[in-house]
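Engineer: If you count by the numbering used here, then the sequence shown holds residues 203 to 538, one letter each, in order.
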Amino acid sequence: MNSLEIRTPDDFHVHLRQGPAMAAYAARTARGFGRFMAMPNVVPPLTGPAALADYRRAVAAAVAASGYASTPLSCFKLVPGMGREAVLACAAAGAVAGKYYPTGSTTNASDGVPEPAAVADELAAMQDAGLVLSIHGEDPAAPALERERAFLDVVDGIVGSYPRLRVALEHLSCAESVRAVLSWPERVGATITAHHLSYAIDDLLGGGLRPELFCKPVLKSAADRAALLEAAVSGSPRFFFGSDSAPHPPEAKAAGAAGCYTAPVALSLLAAAFEEAGALDRLEAFVSVSGARFYGLGLNPGVLRLSREGWTVPAAVDGAVTPAAGRTLAWTAERI
Ligand code: DOR
Ligand code: ZN
Numbered sequence: 203m204n205s206l207e208i209r210t211p212d213d214f215h216v217h218l219r220q221g222p223a224m225a226a227y228a229a230r231t232a233r234g235f236g237r238f239m240a241m242p243n244v245v246p247p248l249t250g251p252a253a254l255a256d257y258r259r260a261v262a263a264a265v266a267a268s269g270y271a272s273t274p275l276s277c278f279k280l281v282p283g284m285g286r287e288a289v290l291a292c293a294a295a296g297a298v299a300g301k302y303y304p305t306g307s308t309t310n311a312s313d314g315v316p317e318p319a320a321v322a323d324e325l326a327a328m329q330d331a332g333l334v335l336s337i338h339g340e341d342p343a344a345p346a347l348e349r350e351r352a353f354l355d356v357v358d359g360i361v362g363s364y365p366r367l368r369v370a371l372e373h374l375s376c377a378e379s380v381r382a383v384l385s386w387p388e389r390v391g392a393t394i395t396a397h398h399l400s401y402a403i404d405d406l407l408g409g410g411l412r413p414e415l416f417c418k419p420v421l422k423s424a425a426d427r428a429a430l431l432e433a434a435v436s437g438s439p440r441f442f443f444g445s446d447s448a449p450h451p452p453e454a455k456a457a458g459a460a461g462c463y464t465a466p467v468a469l470s471l472l473a474a475a476f477e478e479a480g481a482l483d484r485l486e487a488f489v490s491v492s493g494a495r496f497y498g499l500g501l502n503p504g505v506l507r508l509s510r511e512g513w514t515v516p517a518a519v520d521g522a523v524t525p526a527a528g529r530t531l532a533w534t535a536e537r538i
């Protein structure tokens, strides 16, 4: 197959940052995706309705200036002490999700949640408001490669304690998580990134160290990647695309920051991964249908065309290094 047309996709997990760099990152995502969920771990964080609305306006303005039609979806950051009223106010301000970062688990998460009991009122409010609880599922106290697995019991406790709460476990990285998601009720879904579907830990550090592939949760084994790919191509409505595209300036990456800037290459990587699995016909379900249904949204109008044209990824895009920098990818993506 040399070209494929799918319904315009969505990205249910992307970091656009704040300040002058944000406009380019927002435009890059708008180019490929009809909607995107902007993550709230900006500085200062999005923990209340005013900050959420301001950020959404700024992102929407950047998207409008880009000339691409794309809609930002809002997600607030869940922090202890926030309170029920603030959660409900975020919902009223248009939030569709709230993000649970275990304290210290990743970039700008020092103000995160130490344990679910610390946000019990907030989780109850989210359940009442019909918001999705988006979870960075890692226990930062566990060894690096075991952090996700070590957090599954915490997620299990939340799923059990809030029987109507919808939960999205973000950026799955290992086979145990796939099995756990399938063991939970249908109100629990999960995102999978393009980088976790495309690379394993040996790509990151088996040869020369490739910092552009360093992210949290860290890439796991080839068997884990295979399990993620199997889930993504399965057509199960539980699994959908969230890029976790997370740009850092070169000096931050050099200092060890976690994050893969995949927005410029995500659709090319996804097409290659689905092709590898012999499942290009299921790409649309993963990237354009299942996530929208999980979030209770209609499907996007419009079409994305993927073409096997071959392109060489520039060394840097928007001032950040992407996975596959300097390499040739088979598929290009263009909204038509
Ligand atoms: O690698 C990551 N980078 N993982 C995350 O969870 C956050 C992200 C970021 O914001 O840099
Ligand atoms: Zn993220």
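Positions of the beta carbon are idealized from the N, C-alpha and C atoms, including for glycine.
Treat the numbers as computed from the prediction; the structure is a model and nothing was measured.
1) Taking DSSP's pairing of strands, which residues face residue 462 in a bridge?
2) Run through the DSSP bridge pairs and tell me what residue 301 is partnered with.
3) Quick check: residue 293 and residue 331, are their CB atoms within less than 9 angstroms of each other?
4) Where does residue 507 fall in DSSP's three states?
5) The beta strand (DSSP E) that contains residue 492, what's its start and end?
6) Ordered along the chain, which non-local residues of its own chain (more than five positions away) have a Cβ less than 6 angstroms from that of residue 273?
7) Output needed for residue 423: all residues of its chain with C-beta closer than 7 angstroms, excluding positions within five of it in sequence on either side, in chain order.
8) Evaluate residue 375 with the Cβ neighbour count: other Cβ atoms within 10 Å of its Cβ, from every protein chain shown; 16 or more gives buried, anything less gives exposed.
9) Is the beta carbon of residue 368 closer than 9 angstroms to that of residue 389?
10) Are the beta-carbon atoms belonging to residue 443 and residue 278 less than 9 angstroms from one another?
11) What are the start and end residues of the beta strand (DSSP E) that includes residue 390?
12) For residue 262, which residues of its own chain have a beta-carbon under 6 angstroms away from its beta-carbon, when the five flanking residues on both sides are left out?
13) Report the residue ranges of all alpha helix (DSSP H) runs contained in full by the region 210 to 240; include only those spanning at least 4 residues, in chain order.
14) Measuring from the CB of residue 241, is there a heavy atom of ligand 2 at a distance below 8 angstroms?
15) Given this structure, state the Cα-to-Cα distance separating residue 428 from residue 229, to the nearest angstrom.
16) Can you pull the DSSP bridge partners for residue 368?
17) Near ligand 1, which residues have their beta-carbon less than 5 angstroms from any of its heavy atoms, given in chain order?
18) Are there any heavy atoms of ligand 2 lying less than 8 angstroms away from the beta-carbon of residue 446, as far as the coordinates show?
19) Between which two residues does the alpha helix (DSSP H) harbouring residue 471 extend?
20) Suppose you measure from the CA of residue 324 to the CA of residue 400; what does that come to, to the nearest Å?
21) Could you tell me if the beta carbon of residue 450 falls within a distance shorter than 8 angstroms of some heavy atom in ligand 2?
22) On the CB-based measure, 16 or more other CB atoms within 10 Å of its CB, does residue 504 come out buried or exposed?
23) Shortest alpha-carbon distance to residue 530 belongs to which of 448, 511 and 372?
24) Going straight from the alpha carbon of residue 352 to that of residue 362, what length do you get?
25) For the region 334 to 346 against the region 475 to 487, do three or more pairs of beta-carbon atoms, one drawn from each stretch, fall closer than 8 angstroms, so that the two count as touching?
26) Assuming residue 531 is part of the beta strand (DSSP E), what are its boundary residues?
27) So what's residue 442 in DSSP terms, helix, strand or just coil?
28) Is the beta carbon of residue 501 less than 9 angstroms from the beta carbon of residue 537?
29) Would DSSP call residue 317 helix, strand or coil?
Structural biologist: So, from the data block:
1) DSSP output for residue 462 lists 447 as bridge partner(s).
2) DSSP, once it has assigned bridges, lists 279 and 336 as partnering residue 301.
3) Yes. Within cutoff.
4) Three-state result, residue 507: strand.
5) Residue 492 -> not in any beta strand (DSSP E); alpha helix (DSSP H) instead, spanning 492 to 496.
6) Excluding the 5 residues flanking it on each side, residue 273 has same chain C-beta neighbours closer than 6 angstroms at 237, in chain order.
7) Leaving aside the five residues that flank residue 423 on each side, the residues in its chain whose CB is nearer than 7 angstroms to its CB run, in chain order, 402 and 403.
8) Label assigned to residue 375: buried.
9) Between residue 389 and residue 368, the C-beta gap is smaller than 9 angstroms, which places the two residues in contact.
10) At least 9 angstroms separates the beta-carbon of residue 443 from that of residue 278.
11) Secondary structure note for residue 390: its beta strand (DSSP E) is the uninterrupted segment 390 to 394.
12) Cβ neighbours of residue 262 within its own chain (closer than 6 angstroms, five residues either side excluded): 274.
13) Taking only runs of at least 4 residues, the alpha helix (DSSP H) segments lying wholly in the region 210 to 240 are 224 to 234.
14) Yes, Cβ of residue 241 sits closer than 8 angstroms to a heavy atom of ligand 2.
15) Approximately 32 angstroms, taken between the alpha carbons.
16) Residue pairing of residue 368 in beta bridges, as defined by DSSP: 334.
17) Spelled out in chain order, the answer is 217, 308, 309, 417, 418, 448, 460 and 461.
18) Yes, the Cβ of residue 446 comes within 8 angstroms of a heavy atom of ligand 2.
19) Segment 468 to 478, the alpha helix (DSSP H) holding residue 471.
20) Each residue's Cα considered, the two are about 36 angstroms apart.
21) No, ligand 2 has no heavy atom inside 8 angstroms of this Cβ.
22) When all chains shown are included, residue 504 counts as exposed.
23) Of the candidates 448, 511 and 372, the residue whose Cα lies closest to the Cα of residue 530 is 511.
24) A straight-line Cα-Cα distance of about 17 angstroms links residue 352 and residue 362.
25) No, the region 334 to 346 does not touch the region 475 to 487.
26) Run containing residue 531: 530 to 537, per the beta strand (DSSP E) assignment.
27) It is a strand residue.
28) Against a cut-off of 9 angstroms, the Cβ pair of residue 537 and residue 501 comes out as no contact.
29) Coil at residue 317, not helix or strand.
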